[in-house]
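Visitor: One structure, as structure tokens, below. Some questions next.
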Amino acid sequence: MKKITYCVSAIFLMLLSFSNISRAAEGPLSSALDNLAENSSQYQIVLYSLRKWYEYCDIEEVYQGKTDIVLKFKFRGKDTRLTLSEFDEQNANAAGSFPISRMWGFSSSIAEVQLKFNADGTANGTWKDLGTAGDFYILKKGNLDPGLDKLVNNYSQYKIALVSLNKGQEDLDILGVYKEDKDIIIKFQYRGETRLILNEFDDEHSVVRGEYILKYGITTTVEVELIFNADGTANGKWIDKGIRNDFKIIKGK
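Heads up: the sequence shown begins at 896 in the working numbering, then just goes up one per residue.
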């Protein structure tokens, strides 16, 4: 990596002299950022946009600013910097912004980001640009195979959580997960027994895509894109006739 000359814990100690952050010398946020900084090439930024659905951006570098932390990544082919400048150490939250160029460079806007960090350096959050909000994740790369293996071998421990237009979030039992030729089939109970066929795999970005047939008054094909974590859970979306919403694999209760 990498131009980091000292760990993020040390960075946060320095930040105390510039801000009113109240924190212990070591805490959840600085530990998470240590992991991200020390292994930045293993992580990616994944954001959801109306323009491209999910966009996958490799993190190239993580370094210290004067009173902030900067993540350098490629966004739509351009070097981009996410500057984290607000920190809640004990709750492992961070907030910041990054610039977006528009109209062939003749205009720009500032996207705001809110993140909740996990101990392993990953993060879940949102970004907002010109009033439009979407998912914003920091995720590890290379999680597709271990994630799918966990799901295949322990499917009864998981559920599908999808947001429908008429019922909100629905948590659905997974009835089976198995391989069929080069595809992976997830059987689940949704308006009757349904088969999600996963047939497009992107190992680098931990992504899999597929579709299922929904018979509910009319018959329609619903497309799904999932980003897997190593524990077998996944974040994603479904799309049907231009309508999109959440489709996730979660641990069952």
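We put the CB at the ideal spot given by N, CA and C, even for glycine.
Going by CA-CA distance only, name the one from Asp1078, Ser1101, Asp1098, Lys967 that's closest to isoleucine 1092.
Guide: Proximity to isoleucine 1092 across Asp1078, Ser1101, Asp1098, Lys967 peaks at Asp1078, based on C-alpha coordinates.
Visitor: With DSSP run on the structure shown, which of helix, strand or coil describes alanine 927?
Guide: Three-state result, alanine 927: helix.
Visitor: DSSP on asparagine 1094, reduced to helix/strand/coil?
Guide: strand
Visitor: Going by alpha carbons, who is nearest to serine 992 out of Gly1042, Glu984, Ser1003, Arg976?
Guide: Arg976
Visitor: Using the Cα positions of serine 980 and threonine 962, report the straight-line distance between them to the nearest angstrom.
Guide: 7 Å
Visitor: For arginine 1139, list the residues DSSP reports as bridge partners.
Guide: Ile1134
Visitor: On the criterion of 16 or more Cβ atoms from any shown chain inside 10 Å, does leucine 911 qualify as buried, or is it exposed?
Guide: Only weak support exists for where leucine 911 lies, its pLDDT of 36 falling under 50; the value from the coordinates is given anyway. When all chains shown are included, leucine 911 counts as exposed.
Visitor: Using the beta-carbon count (16 or more within 10 Å), is isoleucine 954 buried or exposed?
Guide: Under this definition isoleucine 954 is a buried residue.
Visitor: Where does aspartate 953 fall in DSSP's three states?
Guide: Aspartate 953 falls in the strand class under three-state DSSP.
Visitor: According to DSSP, simplified to helix, strand and coil, what is aspartate 1040?
Guide: helix
Visitor: Using 8 Å as the threshold, is the segment 965 to 974 in touch with the segment 1051 to 1069, meaning 3 or more CB pairs across them?
Guide: In short, these stretches do not touch, since the Cβ pair count stays below three.
Visitor: Please classify tryptophan 948 as buried or exposed, where buried requires at least 16 other C-beta atoms within 10 Å of its C-beta.
Guide: exposed
Visitor: Going by alpha carbons, who is nearest to glutamine 939 out of Lys1035, Glu984, Gly1026?
Guide: Lys1035
Visitor: Using the Cα positions of alanine 1006 and glutamate 1075, report the straight-line distance between them to the nearest angstrom.
Guide: 42 Å
Visitor: Are there 16 or more other CB atoms within 10 angstroms of the CB of lysine 1062, so buried, or fewer, so exposed?
Guide: exposed
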